[in-house]
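Each residue of the sequence shown is one higher than the last, beginning at 601 in our numbering.
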Amino acid sequence: MKKTALITGATSGIGRATAHEFAKHGINLILCGRRQERLDSVQKALSKQTIVHTLNFDVRDRAQTFEAIASLPKEFQKIDILINNAGNAHGLDPIQTGNLDDWDAMMDINVKGLLYVSKAIIPGMTERKSGHIINIGSSAGKEVYPNGNVYCGSKHAVLAITEGMRIDLNPFGIKVGAINPGLVETEFSEVRFKGDAKAANVYKGYKALQPEDVAEVIYFAISRPAHVNIADVLMFCTAQASSTIVKKKL
Ligand code: NDP
Ligand code: 8X3
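As structure tokens, then:
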């Protein structure tokens with residue numbers, strides 16, 4: 601029987617690549633994001649391979665999130681796989697000069713948004729006593745780097761929440777895991793630097809992970825046999841050794 605996956609942040613980067621990877625394997629898709637034209641174009645591209653439904657909502661908005669998920673047509677209501685991917689860094693500033701709006705965005709999207717989406721979907725999984733949740737953390741959730749303060753805090757929170765989910769959902773046979781990439785070449789740095797030209801330099805001089813590399817690992821995790829749960833993965837591009845050590849070809 602075909603499975604259904606809901607992917608947040610499916611309009612770009614890792615989420616969009618995961619949608620493509622899942623479509624290749626015939627998984628039914630619920631794709632989420634705020635940019636409707638992007639949702640439409642991903643839906644159009646993947647509809648030849650699988651059935652796709654899109655949901656436009658801001659994960660920061662609790663009511664919108666619950667309403668969107670409650671609005672799913674019958675054939676999409678049984679969600680087998682949840683990929684909590686929506687998120688970004690906003691700013692890269694020392695704690696003493698950090699911007700409060702950036703801090704709110706990171707905690708509200710990366711942490712509270714993930715919780716709202718999970719809260720809307722987990723009851724169906726516990727009722728059916730099956731399901732699989734993958735939270736997209738980060739190497740920043742394992743290692744704090746200079747000026748990363750609040751983003752790193754949000755991703756450490758994602759890891760703690762992942763572990764908590766795995767413990768609490770264990771009696772229901774629900775799998776929970778985190779995939780934690782290092783530098784991935786997506787729109788992430790454009791968002792972090794708010795369109796500033798320095799975003800273009802982040803992935804220069806070495807080959808960063810590509811979103812498809814992460815999508816393949818996510819698919820690996822969700823395609824293991826029933827008794828296997830990939831609990832935690834840290835993945836870097838070969839040039840990266842830690843959050844602060846990247847071998848550039850200069
Ligand atoms: P992108 O900027 O390319 O994609 C971010 C996605 O999140 C977009 O689809 C965006 O959709 C969605 N999103 C952002 N804010 C909201 C919101 N308020 N409500 C709903 N959706 C939202 O970045 P990545 O693909 O790189 O990031 C995906 C995840 O991977 C994030 O959690 C990030 O922290 C994590 N990550 C990224 C790494 C990297 O180096 N790129 C490394 C490690 C982890 P839309 O704007 O349409 O709403
Ligand atoms: C994204 C990777 O190193 O910019 O989570 O924090 S990093």
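Even glycine gets a Cβ: it sits at the ideal position worked out from N, Cα and C.
Residue i: buried (16+ other C-beta within 10 angstroms of its C-beta) or exposed?
| i | result |
| --- | --- |
| N684 | buried |
| N735 | buried |
| G741 | buried |
| T608 | buried |
| Q840 | buried |
| M601 | exposed |
| R766 | buried |
| G748 | buried |
| R792 | buried |
Quick check: the Cα distance between residue i and residue j, rounded to an integer number of angstroms?
| i | j | result |
| --- | --- | --- |
| D661 | D704 | 13 Å |
| S842 | Q810 | 17 Å |
| E785 | A799 | 10 Å |
| A815 | T697 | 35 Å |
| K847 | Y745 | 17 Å |
| I790 | E812 | Before going on, a small fix: residue 790 reads as Glu here, not Ile. Computed Cα separation, rounded: 19 Å. |
| A623 | L646 | 6 Å |
| L783 | K804 | 11 Å |
| L639 | D768 | 33 Å |
| K755 | M707 | 9 Å |
| I681 | A760 | 20 Å |
| Y716 | I651 | 25 Å |
| I721 | S612 | 22 Å |
| F657 | Q664 | 6 Å |
| C632 | D796 | 26 Å |
| K849 | E763 | 38 Å |
| H827 | L672 | 30 Å |
| F788 | I614 | 10 Å |
| Y819 | L629 | 13 Å |
| A668 | F772 | 25 Å |
| G724 | K678 | 7 Å |
| A558 | G737 | Coverage of the chain is limited to positions 601 through 850, which leaves residue 558 absent and any answer about it impossible. |
Sorry if obvious, but does the Cβ on residue i come closer than 6 Å to a heavy atom of ligand 1?
| i | result |
| --- | --- |
| E812 | no |
| I822 | no |
| V784 | yes |
| A826 | no |
| N685 | yes |
| D658 | yes |
| N688 | yes |
| F836 | no |
| F622 | no |
| I709 | yes |
| G609 | yes |
| E667 | no |
| I614 | yes |
| E787 | yes |
| P781 | yes |
| R635 | yes |
| V750 | no |
| V791 | yes |
Does the beta-carbon of residue i, which I'm using as the reference point, lie nearer than 6 Å to any heavy atom of ligand 2?
| i | result |
| --- | --- |
| S738 | yes |
Any heavy atom of ligand 4 inside 6 Å of the beta-carbon of residue i?
| i | result |
| --- | --- |
| L629 | No copy of ligand 4 occurs in the structure displayed; its ligands are ligand 1 and ligand 2 alone. |
Any 3 or more C-beta pairs closer than 8 Å across the segment 720 to 731 and the segment 687 to 697: Counting C-beta pairs closer than 8 Å gives fewer than three between the segment 720 to 731 and the segment 687 to 697, which falls short of the contact rule.
Taking contact to mean at least 3 C-beta pairs separated by less than 8 Å, is the segment 766 to 784 in contact with the segment 827 to 836? Contact between the segment 766 to 784 and the segment 827 to 836 is present: 3 or more CB-CB pairs across the two stretches fall below 8 Å.
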